[in-house]
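Novice: Structure provided below as structure tokens; questions to follow.
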Amino acid sequence: MFYGLHPSCMLQKVTTEKNTLAERLKNAEASRKRFDDELKRHAAETQAREEIRKSLEAEVRKLTHKVGQTEGEKKEKEDQISRCEAYIDGMESKLQVCQVCDLASFKNR
Numbered sequence: 002m003f004y005g006l007h008p009s010c011m012l013q014k015v016t017t018e019k020n021t022l023a024e025r026l027k028n029a030e031a032s033r034k035r036f037d038d039e040l041k042r043h044a045a046e047t048q049a050r051e052e053i054r055k056s057l058e059a060e061v062r063k064l065t066h067k068v069g070q071t072e073g074e075k076k077e078k079e080d081q082i083s084r085c086e087a088y089i090d091g092m093e094s095k096l097q098v099c100q101v102c103d104l105a106s107f108k109n110r
């Protein structure tokens with residue numbers, strides 16, 4: 002007899018404690034597995050968000066570059082329009098001079 006317990010009672014107590022510890026171990030392992038799965042899911046979501054962020058940053062850079070090009074082309078066209086308008090104004094002035102000269106030469110005949 003150990004501590005006043007009969008050996009069969011002692012065996013039953015040890016078996017009960019072993020079963021309790023086995024159940025606790027099983028629950029702890031299940032909790033750890035759930036935690037590991039959650040951690041993997043979180044890591045996958047984080048990686049997906051990072052890939053989306055990088056993709057969006059690349060798209061922003063591309064669009065910013067395109068806007069810069071478009072603004073440059075717009076400025077170039079505006080400058081070209083200004084030159085054309087100045088040319089037209091000059092041609093209109095020459096036309097008026099020619100018309101005045103033609104009118105004067107017609108009157109002198």
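In my numbering, the protein residues as written are 2 to 110.
Glycine residues also receive a C-beta, built at the ideal position from the N, C-alpha and C atoms.
The structure presented is a predicted model; accordingly, all values stated were derived computationally and were not measured.
Ignoring anything shorter than 3 residues or poking outside the stretch 17-68, list the beta strand (DSSP E) runs there in chain order.
Specialist: DSSP runs (the beta strand (DSSP E)) wholly in the stretch 17-68: none.
Novice: Just the Cα atoms here: how many angstroms apart are Ala87 and Ser106?
Specialist: For the purposes of this step, residue 87 is taken as the residue at position 86 of the sequence shown. For the purposes of this step, residue 106 is taken as the residue at position 105 of the sequence shown. When rounded, the distance between both Cα atoms is 28 Å.
Novice: Would you tell me roughly how many angstroms separate the C-alpha atoms of Gln70 and Thr47, rounded to the nearest one?
Specialist: Numbered from its first residue, the sequence shown carries residue 70 at position 69. Numbered from its first residue, the sequence shown carries residue 47 at position 46. C-alpha separation (whole angstroms): 34 Å.
Novice: Going straight from the alpha carbon of Phe36 to that of Glu58, what length do you get?
Specialist: Numbered from its first residue, the sequence shown carries residue 36 at position 35. Numbered from its first residue, the sequence shown carries residue 58 at position 57. The alpha-carbon atoms of Phe36 and Glu58 are separated by roughly 32 Å.
Novice: Exposed or buried, which one is Met2 when buried takes at least 16 other CB atoms within 10 Å?
Specialist: On the sequence shown, position 1 is the one that residue 2 refers to. For Met2, the predicted structure reports a pLDDT of 46, less than 50, and the residue's modelled location is therefore unreliable. A value from the coordinates is still provided. Its Cβ having fewer than 16 others within 10 Å, Met2 is exposed.
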